[in-house]
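Undergrad: Right, I'll just put the structure down here and ask away after.
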Amino acid sequence: MTSRSPLSLSRLAIYATLLAACAVYLIPLVVMLLTSFKSPDDIRTGNLLSWPDVITAIGWLKAWDSVGGFFWNSVKITVPAVLISTLLGALNGYVLAMWRFRGSQLFFGLLLFGCFLPFQVVLLPASFTLGQLGLANTTSGLVLVHVVYGLAFTTLFFRNYYVSVPDALVRAARLDGAGFFTIFGRILLPMSIPIIMVCLIWQFTQIWNDFLFGVVFASGDTQPITVALNNLVNTSTGVKEYNVDMAAAMIAGLPTLVVYILAGKYFLRGLTAGAVKG
Amino acid sequence: MSSIAVFTKASKLDALQRWLPKLVLAPSMLIVLVGFYGYILWTFLLSFTGSRFMPSYNWVGLQQYARLWDNDRWWVASKNLMLFGGLFISISLVLGVLLAVLLDQRIRREGFIRTIFLYPMALSMIVTGTAWKWLLNPGLGIDKMLRDWGWEGFRFDWLVDPERVVYCLVIAAVWQASGFVMALFLAGLRGVDQSIIRAAQVDGASLPAIYLRIVLPSLGPVFFSALMILAHIAIKSFDLVASMTAGGPGYASDLPAMFMYAHTFTRGQMGLGAASAMLMLGAVLAILVPYLYSELRGKRHD
């Protein structure tokens, strides 16, 4: 709008405000990184943004020692849960968009509510059920829980995507004698790459970052990294090692950060799809 | 003979094809009916029982809800939610809108700046809480940094101040979610007809006036969506409290989600926990129902 006067005073003010805001948003990350590479002495004598006398990776080594195993737990929970819930969501969305039957719309409505469900209201029965199934405190139990309560969002993503695919395409294939799975595999899946990406990334961040299910349904050796990080940071025994805390927080946050930086476009689309259409 | 055999085989296949969609959807339908609605009902039942460490089904009527009513900690948690939710939602909205409007001014490197505003949303609330707990550490955090930088009398110990600890939660939550609001509004702003803005400019309206009077009022649905999402985050937020304050000092920074967890899973007050969970569901419904109502009505007008 004001491109003809690129350096007017108001333009300058806008850029200054944006830059200041960038600094505020970045400072926590900078402080986390800086602290994680400091020695305990530097932490005690310096301050949040002071440059350390020695840069040491001891915090990262100690942090990996205490939360590394839980990192792999999170991987073992997240990978199958993301894949299964995405596949189920794709099939559900396909049926709800292309093969409607009496009651399928009602089911979609009932499912949508799951996007808003405060999980506190299902925690108790879910934990009884996991106990009955012999899945309490297991990785498989957490995978199951994440699949069940991720279904609402994954189905929503695919259903809304497939609704915009022209019906004629599917009708023509049906006349040619193509069956349910042939149409899905040959026609719809190849054009679903963007929504698959959105769904995978959404589910990955949701499940990796989950704390509530992890703390309720897992204990000891099966805990995900978020629970392990919280235990590490909030223990009151021994001397607080802030460099270890910060390194552990970075370890817990890095996977989702990397995904966000590599595939931010899909991440944003998932957020807004979940928000605007939810 | 053979033609009949072929015919029945084909019709069987046909029947299978007709049933396949329902078969594929069946497991999910079961999951939703049992895992969503069945479990809600189950929790509802538990909230009328005197269950403690184990579920028992001795009926106590509304006693658990009455206990909540008389429970000081529950009131603190509920008031905290109002305070936290109100501040978190309004500050996130104002900041998000402001940043979105600023970013909409043909900024160079817009994508890069957007990435910076949004990255906290990718982090777990536990990571956010850990980071801010350190930043707000009384004695070693921002407190000390500003004194080191020459502001001698500076004190910043809100994290251990029962009166102010909730504001610490607000700061961290706003940092995490305001970029998301920005992204929502930026997407909305991109959909606004530019010719309207140009026409208003020709009429001599200033840019702030154009945004306040014309552009932002046209983004009503985006406001509503953002409000919904933020309210939902606020009601569910449990991780942030767990990692930053664990509800402390005392129970000064308790939120309903934390109350529910503590009573149900560590203090052996299952019935009371179930009752508090039902009230949380009630709060979500109180926000959700008007939203869905307006959404559906809006669609009918289209």
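Chains A and B are the protein sequences, given in the same order. Residue 1 is where the first sequence starts when you use the numbering used here, and the numbers rise one by one after that. Residue 1 is where the second sequence starts when you use the numbering used here, and the numbers rise one by one after that. In this text, a Cβ means the ideal position worked out from N, Cα and C, and glycines have one as well.
Got a sec: which bits of the segment 245-270 of chain B sit with their beta carbon under 9 Å from any beta carbon on chain A, in order along the chain?
TA: Cβ contacts with chain A come from A246, P256, A257, M260, Y261, T264, F265, M270.
Undergrad: Would you please verify whether the beta carbon of V144/B is less than 8 Å from any beta carbon of chain A?
TA: It is Lys, not Val, that sits at residue 144/B in the sequence shown. So, interface residue.
Undergrad: Return helix, strand or coil for W208/A, following the three-state DSSP convention.
TA: Here W208/A sits in helix by DSSP.
Undergrad: When you compare the CB of I116/B with every CB in chain A, is at least one pair closer than 8 Å?
TA: Output row for I116/B: interface = yes.
Undergrad: For Y57/B, count the other beta carbons within 10 Å of its own beta carbon; 16 or more makes it buried, fewer makes it exposed. Which is it?
TA: By the 10 Å Cβ count, Y57/B comes out exposed.
Undergrad: Using a Cβ cut-off of 9 Å, pull out every chain B residue sitting near F211/A, in sequence order please.
TA: Result: S124, M125, I126, F238, D239, A242, S243.
Undergrad: T139/A and N230/A - do their beta-carbons sit closer together than 8 Å?
TA: Against a cut-off of 8 Å, the Cβ pair of T139/A and N230/A comes out as no contact.
Undergrad: Measure the alpha-carbon distance for H301/B versus D193/B and round it to whole angstroms.
TA: Residue placement at H301/B cannot be trusted, given a pLDDT of 49 that sits under 50; what the coordinates show is reported in the next sentence. Spanning the two alpha carbons is a distance of roughly 21 Å.
Undergrad: To the nearest angstrom, how far is the alpha carbon of A136/A from that of L99/B?
TA: Taking the straight line from one Cα to the other gives about 45 Å.
Undergrad: Identify the contact partners of G141/B in chain A, using a Cβ-Cβ distance below 7 Å as the criterion.
TA: Simply L48.
Undergrad: What did DSSP end up calling W42/B once you bin it into helix, strand or coil?
TA: Helix, per DSSP.
Undergrad: Could you check if S78/B belongs to the surroundings of the ligand ADP, using beta carbon to heavy atom distance under 7 Å?
TA: With respect to the ligand ADP, the structure shown offers nothing to examine, as it has no ligands at all.
Undergrad: Listed from N- to C-terminal order along the chain, which residues in the segment 12-29 of chain A have their beta-carbon within a distance smaller than 7 Å of any beta-carbon of chain B?
TA: Within the segment 12-29 of chain A, the qualifying residues are I14, T17, L18, A21, C22, Y25, L26, P28.
Undergrad: Measuring CB to CB, does A77/B end up less than 8 Å from P249/B?
TA: Contact: no.
Undergrad: Just to confirm, is the Cβ distance from L110/A to V32/B under 8 Å?
TA: Contact: yes.
Undergrad: Whole beta strand (DSSP E) runs in the segment 137-177 of chain A with 3 or more residues, listed along the chain?
TA: DSSP runs (the beta strand (DSSP E)) wholly in the segment 137-177 of chain A: none.
Undergrad: Looking only at its chain, what residues have a beta carbon closer than 7 Å to the beta carbon of L272/B, apart from the 5 residues adjacent to it on each side?
TA: Here the set comprises Q64, R67, L68, H263.
Undergrad: Tell me which same chain residues have a C-beta within less than 8 Å of the C-beta of V60/B, skipping the five on either side of it?
TA: F48, T49, G50, G271.
Undergrad: Could you give the first and the last residue of the continuous alpha helix (DSSP H) run that contains P125/A?
TA: From DSSP, the alpha helix (DSSP H) with P125/A extends over 120-132.
Undergrad: Would you identify the three-state DSSP class for W132/B, choosing helix, strand or coil?
TA: Of the three classes helix, strand and coil, the one that applies to W132/B here is helix, per DSSP.
Undergrad: To be precise: take each residue of the segment 222-246 of chain A, compare its Cβ to all Cβ atoms of chain B, and keep it if any distance is under 7 Å. Which residues remain?
TA: So the list reads T226, L229, N230, V233, N234, Y242, D245, M246, given in the order they occur along the chain.
Undergrad: So if I threshold CB-CB distances at 9 Å, which residues from the segment 54-72 of chain A count as touching chain B?
TA: Under the 9 Å Cβ criterion, the segment 54-72 of chain A contributes no residue.
Undergrad: Assuming the contact rule is C-beta atoms closer than 8 Å, P224/A and F70/A should be a hit. Round their C-beta distance to whole Å, please.
TA: Contact flag correct, Cβ pair sits at about 6 Å.
Undergrad: Determine the DSSP secondary structure at W60/A, reduced to helix, strand or coil.
TA: Reduced to three states, the DSSP call for W60/A is helix.
Undergrad: Can the beta-carbon of P120/B be found less than 8 Å from the beta-carbon of G188/B?
TA: Taking 8 Å as the Cβ cut-off, P120/B and G188/B do not qualify as a contacting pair.
Undergrad: Does the beta carbon of I196/B come closer than 8 Å to any beta carbon on chain A?
TA: No, I196/B lies away from the interface with chain A (no Cβ there is under 8 Å from its Cβ).
Undergrad: What's the gap between the Cα of I126/B and the Cα of A228/A?
TA: Computed Cα separation, rounded: 10 Å.
Undergrad: Ignore the nearest five residues each way along the sequence and tell me which others in V54/A's own chain have a CB closer than 6 Å to its CB.
TA: So the list reads S39, once near-sequence residues are dropped.
Undergrad: What residue range does the alpha helix (DSSP H) around C115/A cover?
TA: Unbroken run through C115/A: none, as it is neither H nor E.
Undergrad: For L88/A versus S28/B, is the C-beta spacing smaller than 8 Å?
TA: The answer is yes: Cβ separation under 8 Å.
Undergrad: What are the complete alpha helix (DSSP H) segments, minimum 4 residues, inside the segment 101-170 of chain B?
TA: Counting only runs of 4 or more, we get 110-118, 125-135, 142-148.
Undergrad: Which residue from A173/B, L207/B, V289/B, L102/B puts its Cα closest to that of S90/B?
TA: Checked all of A173/B, L207/B, V289/B, L102/B; the closest Cα to S90/B is A173/B.
Undergrad: From the DSSP output, in three-state form, read off T237/A for me.
TA: DSSP places T237/A in coil when its eight states are reduced to three.
Undergrad: Comparing the C-beta of S3/B with each C-beta of chain A, is any distance below 8 Å?
TA: Unreliable placement is indicated for S3/B, whose pLDDT of 48 sits below 50; no coordinate value is reported for it.
Undergrad: With DSSP run on the structure shown, which of helix, strand or coil describes T49/B?
TA: It is a strand residue.
Undergrad: Taking a Cβ distance cut-off of 7 Å, strictly less, list which residues of the segment 67-93 of chain B are near chain A, in chain order.
TA: Here the close residues number zero.
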